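Novice: Residue numbers (the working numbering), protein chains in the order written: chain A, 421 to 551; chain B, 421 to 551; chain C, 102 to 526; chain D, 102 to 526. Note that beta-carbon positions come from the ideal geometry of N, C-alpha and C, so glycine has one too. This structure is a prediction, so every number in the text was calculated from the model and none was measured. Got a structure here, written out as structure tokens. Questions coming.
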Amino acid sequence: MTDEEISTEILLDHYRNPHNYGQIEDANEKLIEFNPVCGDTVQITIRIENDVVTDIKFIGRGCSVSQGSASMLTDKVKGMNIGEIKKINQEDILNMLGLKLGPSREKCALLSLNALHKCISNHEKKTHGGN
Amino acid sequence: MTDEEISTEILLDHYRNPHNYGQIEDANEKLIEFNPVCGDTVQITIRIENDVVTDIKFIGRGCSVSQGSASMLTDKVKGMNIGEIKKINQEDILNMLGLKLGPSREKCALLSLNALHKCISNHEKKTHGGN
Amino acid sequence: MLSWQQIKGDFPLLINKGKNLIFLDNAATTQKPKQVIDAIVDYYTNWNSNVRRGIYRLSEEATDHYEKSRENISNFIGSSDPRQLAFVRNTTEALNLLAYSMGHNLHEGDEILLTIMEHHSNIVPWQFLQEKGVKLKFADINEDGTLDMEDFRNKLTRKTKVVSVTHCSNLLGTINDAAELAKLAHDNGSLFILDGAQSVPHMPVDVEKLDCDFLAFSGHKMLGPMGIGVLYGKYDLLNGLPPFNGGGEMISQVYTDHSTYADAPEKFEAGTPNVEGAIGLSAAVDYLRNIGMDEVRSHEKDLISYTLKKEEEHHIDILKSYGPRDMEKRGGIYTFNLGEFNPLSMSEGLINEQIRVGSNVHPHDVATGLDSSNVAVRAGHHCAMPLTHRLNVVATSRASYYIYNSREDVDLLFESLEKIRRLYA
Amino acid sequence: MLSWQQIKGDFPLLINKGKNLIFLDNAATTQKPKQVIDAIVDYYTNWNSNVRRGIYRLSEEATDHYEKSRENISNFIGSSDPRQLAFVRNTTEALNLLAYSMGHNLHEGDEILLTIMEHHSNIVPWQFLQEKGVKLKFADINEDGTLDMEDFRNKLTRKTKVVSVTHCSNLLGTINDAAELAKLAHDNGSLFILDGAQSVPHMPVDVEKLDCDFLAFSGHKMLGPMGIGVLYGKYDLLNGLPPFNGGGEMISQVYTDHSTYADAPEKFEAGTPNVEGAIGLSAAVDYLRNIGMDEVRSHEKDLISYTLKKEEEHHIDILKSYGPRDMEKRGGIYTFNLGEFNPLSMSEGLINEQIRVGSNVHPHDVATGLDSSNVAVRAGHHCAMPLTHRLNVVATSRASYYIYNSREDVDLLFESLEKIRRLYA
Ligand SMILES: Cc1ncc(COP(=O)(O)O)c(C=O)c1O
Ligand SMILES: Cc1ncc(COP(=O)(O)O)c(C=O)c1O
Chain A
421 MTDEEISTEI
431 LLDHYRNPHN
441 YGQIEDANEK
451 LIEFNPVCGD
461 TVQITIRIEN
471 DVVTDIKFIG
481 RGCSVSQGSA
491 SMLTDKVKGM
501 NIGEIKKINQ
511 EDILNMLGLK
521 LGPSREKCAL
531 LSLNALHKCI
541 SNHEKKTHGG
551 N
Chain B
421 MTDEEISTEI
431 LLDHYRNPHN
441 YGQIEDANEK
451 LIEFNPVCGD
461 TVQITIRIEN
471 DVVTDIKFIG
481 RGCSVSQGSA
491 SMLTDKVKGM
501 NIGEIKKINQ
511 EDILNMLGLK
521 LGPSREKCAL
531 LSLNALHKCI
541 SNHEKKTHGG
551 N
Chain C
102 MLSWQQIKGD
112 FPLLINKGKN
122 LIFLDNAATT
132 QKPKQVIDAI
142 VDYYTNWNSN
152 VRRGIYRLSE
162 EATDHYEKSR
172 ENISNFIGSS
182 DPRQLAFVRN
192 TTEALNLLAY
202 SMGHNLHEGD
212 EILLTIMEHH
222 SNIVPWQFLQ
232 EKGVKLKFAD
242 INEDGTLDME
252 DFRNKLTRKT
262 KVVSVTHCSN
272 LLGTINDAAE
282 LAKLAHDNGS
292 LFILDGAQSV
302 PHMPVDVEKL
312 DCDFLAFSGH
322 KMLGPMGIGV
332 LYGKYDLLNG
342 LPPFNGGGEM
352 ISQVYTDHST
362 YADAPEKFEA
372 GTPNVEGAIG
382 LSAAVDYLRN
392 IGMDEVRSHE
402 KDLISYTLKK
412 EEEHHIDILK
422 SYGPRDMEKR
432 GGIYTFNLGE
442 FNPLSMSEGL
452 INEQIRVGSN
462 VHPHDVATGL
472 DSSNVAVRAG
482 HHCAMPLTHR
492 LNVVATSRAS
502 YYIYNSREDV
512 DLLFESLEKI
522 RRLYA
Chain D
102 MLSWQQIKGD
112 FPLLINKGKN
122 LIFLDNAATT
132 QKPKQVIDAI
142 VDYYTNWNSN
152 VRRGIYRLSE
162 EATDHYEKSR
172 ENISNFIGSS
182 DPRQLAFVRN
192 TTEALNLLAY
202 SMGHNLHEGD
212 EILLTIMEHH
222 SNIVPWQFLQ
232 EKGVKLKFAD
242 INEDGTLDME
252 DFRNKLTRKT
262 KVVSVTHCSN
272 LLGTINDAAE
282 LAKLAHDNGS
292 LFILDGAQSV
302 PHMPVDVEKL
312 DCDFLAFSGH
322 KMLGPMGIGV
332 LYGKYDLLNG
342 LPPFNGGGEM
352 ISQVYTDHST
362 YADAPEKFEA
372 GTPNVEGAIG
382 LSAAVDYLRN
392 IGMDEVRSHE
402 KDLISYTLKK
412 EEEHHIDILK
422 SYGPRDMEKR
432 GGIYTFNLGE
442 FNPLSMSEGL
452 INEQIRVGSN
462 VHPHDVATGL
472 DSSNVAVRAG
482 HHCAMPLTHR
492 LNVVATSRAS
502 YYIYNSREDV
512 DLLFESLEKI
522 RRLYA
């Protein structure tokens with residue numbers, strides 16, 4: 421198998437049997453991100469304590485790239501602190517997937533990262549904004 | 421001199437010293453035709469008796485083609501009856517000039533014919549319309 | 102007639118890509134034969150100039166080429182007067198022109214009747230008129246993907262000022278009975294607009310036989326260059342419309358406080374026209390005429406019936422396709438899903454179920470999978486979101502055929518679909 | 102740098118025509134270098150596909166070429182963000198887009214300040230807004246053909262919402278001080294639009310240095326293909342405008358009763374874009390950048406000063422030319438008359454005088470005469486009727502230069518003018 425084929429297999433594994441699938445009861449952030457063009461949807465629920473992600477789950481519907489990357493991303497960020505998560509960028513996600521994606525599929529890959537970053541930013545507003 | 425050069429000379433002669441230049445006092449039709457694109461203008465005054473053009477004059481401003489052809493056309497139609505004049509078409513005017521004109525100059529050449537045809541049509545409306 | 106194999110040989114891009122490209126996205130845009138590319142090069146090498154206003158020979162020659170192109174395309178669609186054709190950028194612009202221009206005479210309560218299978222280009226421009234109280238109605242489809250004529254008749258009311266309908270759906274492939282719809286519209290006193298984006302390239306279209314008041318189509322979908330399209334209108338109707346864009350070429354006189362306008366078609370061609378585009382499209386029309394539009398239609402009919410036969414043979418369990426199975430009502434468009442993704446009702450929140458429901462393959466994954474087998478199809482809403490929602494899916498995959506496609510391409514499509522189905526099982 | 106003679110060698114049409122064509126109608130449109138023609142052929146031979154929505158490789162490559170073209174052209178005009186450029190058909194469409202779109206927020210009594218030297222494309226679209234009570238004002242010119250700054254300042258009032266001005270007059274050749282005008286507009290709280298149709302092709306233009314809010318220009322006037330033009334806008338201003346044309350590509354979501362729109366620039370690119378045009382214009386920009394826009398400007402400055410010198414030397418008695426004689430304020434445009442034809446006041450009727458007054462030669466005759474000496478110039482109102490009337494003439498003849506013109510072309514122009522003058526004497 422080539423590297424590309426291995427990466428595809430890993431992604432499909434995550435797609436078929438997603439990790440961290442579901443909703444957290446005591447989440448302090450919850451957010452739905454949606455790509456109207458293809459209908460890809462990811463909902464993230466996250467529990468942040470002292471700026472550290474203690475738990476994160478997602479539910480969603482969509483293609484292997486959007487859902488597989490959500491599964492991999494939630495694995496990756498569990499236990500990370502907010503500062504580290506904010507540094508995760510497009511590049512990191514594409515490296516995580518290890519696939520050559522065209523620009524239209526990149527949007528799928530970044531759906532869950534966008535959702536996550538929005539959660540973090542909402543959380544910061546609440547805590548640092550003082551309400 | 422080539423045919424083209426002779427035709428040009430004739431046209432320029434008409435342009436420099438137009439025939440039938442002026443206004444008829446007892447005209448029964450009078451009409452101004454105007455090409456807004458280049459400002460070419462021809463006014464025709466015409467006397468029609470029993471469907472025959474007994475006199476016709478023009479005044480105008482514009483290029484050699486619009487003014488020269490007005491001069492030649494007024495020469496040509498004096499004494500003609502309405503039926504004959506209505507049959508004069510684009511082709512006839514271009515043959516009369518004997519010049520190869522591009523589409524934009526053809527508009528100049530046809531200015532006075534259009535004016536003349538409108539005069540005739542107005543005259544017919546009056547006489548056959550009964551007022 | 103040329104063989105279809107020979108025809109493929111006229112397309113430099115297809116020759117270059119060879120087996121690495123089975124191009125099945127022709128409803129989006131088509132490839133160009135060398136005759137069209139040559140016409141463009143010839144234009145820029147021998148005739149290029151601004152048109153109409155120039156008095157020198159080059160400009161008059163360019164004008165001549167431009168107007169001859171108009172005449173040629175006019176003949177192609179059965180229009181008896183070339184002044185009935187205005188050159189625009191594409192179908193979208195033609196429909197916007199109509200919506201903006203007709204909008205001046207539409208008032209609160211007036212209705213526009215569309216169908217649920219319209220392309221966004223035949224929806225959004227009309228939506229702009231909702232601001233002034235104009236109402237849009239959408240005739241529904243039947244289960245088989247054909248237009249629901251009863252619903253159409255019911256929605257055609259005394260308030261319906263305009264009926265605007267696609268001749269062929271770019272998603273279902275449904276060919277609507279344009280002549281019948283035109284008659285219904287006219288009997289009702291409504292104007293009838295036909296979106297010919299998917300019909301003019303693929304079948305004989307005669308505006309006078311169909312009796313449509315306006316017709317819009319795009320050059321790039323019929324072997325022509327990008328950036329050129331056509332709005333046809335019956336002369337008096339076209340000429341009677343208020344202008345759309347203002348500027349050079351479309352005026353008669355301009356004063357600081359007002360302007361007067363040229364007659365159609367100039368009236369609707371503001372600014373320097375795309376002369377290259379007109380000449381390129383004319384060359385495309387020559388190419389198509391040379392094949393014969395009846396032949397084009399037969400060829401595509403053969404490909405789509407073969408497709409439906411293959412579909413039955415392969416019998417991929419989760420495959421579902423859309424659109425009429427009566428070949429008389431079906432263009433060369435094959436839209437399908439490997440398992441359907443239904444739209445989520447965002448307001449109700451997401452349902453907490455596992456992703457992998459019956460091993461559905463999302464259309465994006467289908468397209469990527471096919472691409473890795475060198476088969477180029479489109480996936481998404483195909484600029485027909487209301488129809489996609491009507492079908493209760495988030496997206497579909499679509500293969501669309503043209504003259505250079507063959508039965509082998511269809512074979513490859515199904516082999517690749519089998520492969521994808523196995524991969525995701 | 103290349104020599105100007107070498108440059109001419111890049112233009113197939115000019116090589117073909119040889120001595121039979123001295124092309125001096127570059128303000129109308131320009132010829133295309135083989136680099137641009139090749140880019141078009143290359144596109145249709147290797148990359149042609151619809152952009153943005155395709156998931157297969159060919160479409161992604163086409164999208165990549167399309168967006169790289171946007172970036173390249175963005176850099177060329179000093180824009181720091183390619184999303185500030187929307188591709189349109191031409192300058193005319195860009196200005197219509199602005200007028201239609203801004204029109205939503207303009208109300209009775211609001212004023213738009215133009216100048217009397219505007220092209221019809223920067224007048225007629227604004228006139229459409231007069232219907233809703235918006236007022237147009239026109240800043241006048243001085244005797245030397247420069248903008249009357251005092252009049253401009255006086256007409257800039259608290260009601261002026263928009264100032265829209267040409268950077269370079271296509272008739273007088275006057276180069277307006279865009280940075281100064283932008284500053285005046287902004288200090289007044291007005292938006293500032295620059296018509297760059299005659300400046301972007303001919304001199305360095307940096308939108309950020311000039312601080313214009315919007316800039317419009319046409320590809321075909323700067324070696325690019327027909328059918329492509331650019332609207333630049335500061336991102337927040339551009340993105341803040343309501344949409345113009347509706348349809349595919351410009352939407353985010355479409356429902357039967359409403360739609361949401363994409364962000365700029367997609368928002369303003371409804372329908373299948375002219376990908377060929379964008380790629381061709383990008384190739385033209387590469388060509389110009391390679392020469393250097395400072396060099397282009399110097400070359401044209403040389404030609405126009407040489408022209409004015411020749412004019413003085415030949416001293417044709419009835420020749421009158423227009424426009425500033427200060428070369429810093431003058432582009433490569435030479436507009437003139439062999440005797441002036443003043444407009445007739447139609448209402449007062451015609452004055453009964455002989456045609457031949459001072460052996461004036463009508464601009465049409467001038468152009469035809471020059472054409473028979475193979476010199477292609479334009480004659481007429483040059484889509485600037487208000488300015489033509491302001492100069493108190495019915496028409497003018499115009500020679501306009503570009504990179505492939507030479508001093509010999511100017512020599513030939515004057516020799517031919519002498520000949521015409523003699524013929525009509
Ligand atoms: C039915 C239909 N109408 C309109 C359009 C819009 O065509 P264009 O993008 O060329 O304006 C398309 C093509 O996408 C179409 O299929
Ligand atoms: C100053 C100016 N503005 C606008 C235009 C219109 O350009 P286009 O016809 O390419 O839209 C022109 C060209 O004719 C021009 O010279």
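Does ligand 1 have a heavy atom nearer than 6 Å to the CB of A496 of chain D?
Specialist: Checking every heavy atom of ligand 1 against the Cβ of A496 of chain D, none is found closer than 6 Å.
Novice: Which residues in chain C sit within 8 Å of R525 of chain B, going by Cβ to Cβ distance?
Specialist: Those within 8 Å of R525 of chain B in chain C are I156.
Novice: Taking only beta carbons into account, state which residues of the segment 503-535 of chain A come closer than 8 Å to chain D, listed in chain order.
Specialist: Going along the segment 503-535 of chain A in chain order, one finds G522, P523, S524, R525 with a Cβ nearer than 8 Å to chain D.
Novice: Excluding five sequence neighbours on each side, which residues of the same chain lie with their C-beta closer than 7 Å to the C-beta of L533 of chain A?
Specialist: Here the set comprises L493, I508, I513.
Novice: Would the beta-carbon of Q443 of chain B be found less than 6 Å away from any heavy atom of ligand 2?
Specialist: Because no heavy atom of ligand 2 lies under 6 Å away, the Cβ of Q443 of chain B does not count as near it: no.
Novice: Let me know the beta strand (DSSP E) ranges lying completely inside the segment 444-476 of chain A, each 3 residues or longer, listed in chain order.
Specialist: Counting whole runs of 3 or more residues, the segment 444-476 of chain A contains the beta strand (DSSP E) stretches 449-454, 461-469.
Novice: On the DSSP bridge assignment, give the partners of Y435 of chain B in chain order.
Specialist: Paired residue(s): none; Y435 of chain B is not in a bridge.
Novice: Between G481 of chain C and I521 of chain C, is the Cβ-Cβ spacing less than 7 Å?
Specialist: Result no, Cβ atoms of G481 of chain C and I521 of chain C do not sit closer than 7 Å.
Novice: Is there a Cβ from chain D that is less than 7 Å from the Cβ of M486 of chain C?
Specialist: Closer than 7 Å: yes.
Novice: At what residues does the alpha helix (DSSP H) containing N173 of chain D begin and finish?
Specialist: Unbroken alpha helix (DSSP H) run through N173 of chain D: 158-177.
Novice: With a threshold of 6 Å on Cβ separation, who are the neighbours of M428 of chain C within its own chain once the five nearest residues in sequence on each side are excluded?
Specialist: The answer, listed in chain order, is K402, S406.
Novice: Between the Cα of V189 of chain D and the Cα atoms of D:D126, D:S319, D:D288, which residue gives the shortest distance?
Specialist: With distances taken between Cα atoms, V189 of chain D lies closest to D:S319.
Novice: Give me the residue from A:G488, A:D471, A:L451, A:I444 with the minimum Cα distance to G518 of chain A.
Specialist: Taking only the C-alpha atoms, the option nearest G518 of chain A is A:G488.
Novice: Closer than 8 Å by beta-carbon distance: list the chain B residues that pair up with E161 of chain C, in chain order.
Specialist: Correct list: G522, P523, S524.
Novice: Could you check if P343 of chain C is buried or exposed, using at least 16 other CB atoms within 10 Å of its CB as the buried criterion?
Specialist: P343 of chain C should be labelled exposed.
Novice: Where do the N-terminal and C-terminal ends of the beta strand (DSSP E) with L292 of chain C fall, by residue?
Specialist: Element bounds for L292 of chain C: 292-296.
Novice: Do you know how far the Cα of S484 of chain B is from the Cα of M327 of chain C?
Specialist: C-alpha separation (whole angstroms): 42 Å.
Novice: Taking only runs that begin and end inside the segment 208-273 of chain D, name each unbroken alpha helix (DSSP H) of 4 or more residues, in chain order.
Specialist: 225-228, 250-256, all fully within the segment 208-273 of chain D.
Novice: Using alpha carbons as the reference points, say which of B:I502, B:I426, B:A490, B:S491 lies closest to Y548 of chain B.
Specialist: This sequence places His at residue 548 of chain B; Tyr is not what is there. When only C-alpha atoms are compared, the closest one is B:I502.
Novice: Would G204 of chain C pass as a contact of L186 of chain C if the rule is Cβ separation under 7 Å?
Specialist: No, the pair does not count as a contact, with Cβ atoms beyond the cut-off.
Novice: Tell me, please, which residues DSSP counts as bridged to I123 of chain C.
Specialist: I123 of chain C is bridged to C:V476.
Novice: Using three-state DSSP, classify T131 of chain D as helix, strand or coil.
Specialist: Coil at T131 of chain D, not helix or strand.
Novice: Which residues in the same chain have their Cβ closer than 8 Å to the Cβ of H490 of chain D, if we skip the five residues on either side of it in sequence?
Specialist: Counting only Cβ-Cβ distances below 8 Å, and skipping sequence neighbours, we find P444.
Novice: Given the structure, does T547 of chain A come close to ligand 1, in the sense that its CB is under 6 Å from one of the ligand's heavy atoms?
Specialist: Result no, Cβ not under 6 Å from ligand 1.
Novice: Can you give me the Cβ contacts of R390 of chain C inside the same chain, cut-off strictly under 7 Å, excluding the 5 residues immediately before and after it?
Specialist: For R390 of chain C, where only same-chain residues beyond five positions count, the Cβ hits under 7 Å are F177.
Novice: For ligand 2, is there a heavy atom less than 6 Å away from the beta-carbon of A490 of chain B?
Specialist: No, since every heavy atom of ligand 2 falls outside the 6 Å radius drawn around the Cβ of A490 of chain B.
Novice: Can the beta-carbon of F257 of chain D be found closer than 7 Å to that of A279 of chain D?
Specialist: Correcting the residue type first, residue 257 of chain D is Leu in the shown sequence and not Phe. No, these two residues do not count as a Cβ contact at 7 Å.
Novice: Which chain B residues are close to T489 of chain C, counting only those with a beta carbon under 9 Å from its beta carbon?
Specialist: Ordered by position in chain B, no residue passes the 9 Å Cβ test against T489 of chain C, which lies about 49 Å from the chain.
Novice: Which class does S300 of chain C belong to by DSSP, given the choice of helix, strand or coil?
Specialist: Three-state DSSP puts S300 of chain C in coil, outside helix and strand.
Novice: So, is T131 of chain C buried or exposed, given that buried needs 16 or more other C-beta atoms within 10 angstroms?
Specialist: When all chains shown are included, T131 of chain C counts as buried.
Novice: Could you tell me which uninterrupted alpha helix (DSSP H) segments, each at least 4 residues in length, are contained entirely in the segment 372-421 of chain D, listed from first to last along the chain?
Specialist: With a minimum length of 4 residues, the continuous alpha helix (DSSP H) runs that stay inside the segment 372-421 of chain D are 376-392, 394-415.
Novice: Using 8 Å as the cut-off, can you tell me whether the segment 234-246 of chain C makes contact with the segment 497-512 of chain C, which would need three or more C-beta pairs spanning the two stretches below that distance?
Specialist: Verdict: no, contact absent.
Novice: Roughly how many angstroms lie between the CA atoms of E162 of chain C and S150 of chain C, to the nearest whole one?
Specialist: Distance between the alpha carbons of E162 of chain C and S150 of chain C: 9 Å.
Novice: Could you spell out where the beta strand (DSSP E) holding I352 of chain C opens and where it closes?
Specialist: Per DSSP, I352 of chain C belongs to the beta strand (DSSP E) from 352-355.
Novice: Quick check on Y333 of chain C: does DSSP put it in helix, strand or coil?
Specialist: Here Y333 of chain C sits in strand by DSSP.
Novice: Can you check which of these residues, C:T408, C:E396, C:N475, is closest to H105 of chain C by C-alpha distance?
Specialist: Residue identity check: residue 105 of chain C is Trp in the sequence provided, not His. Measuring from the Cα of W105 of chain C, the nearest candidate turns out to be C:E396.
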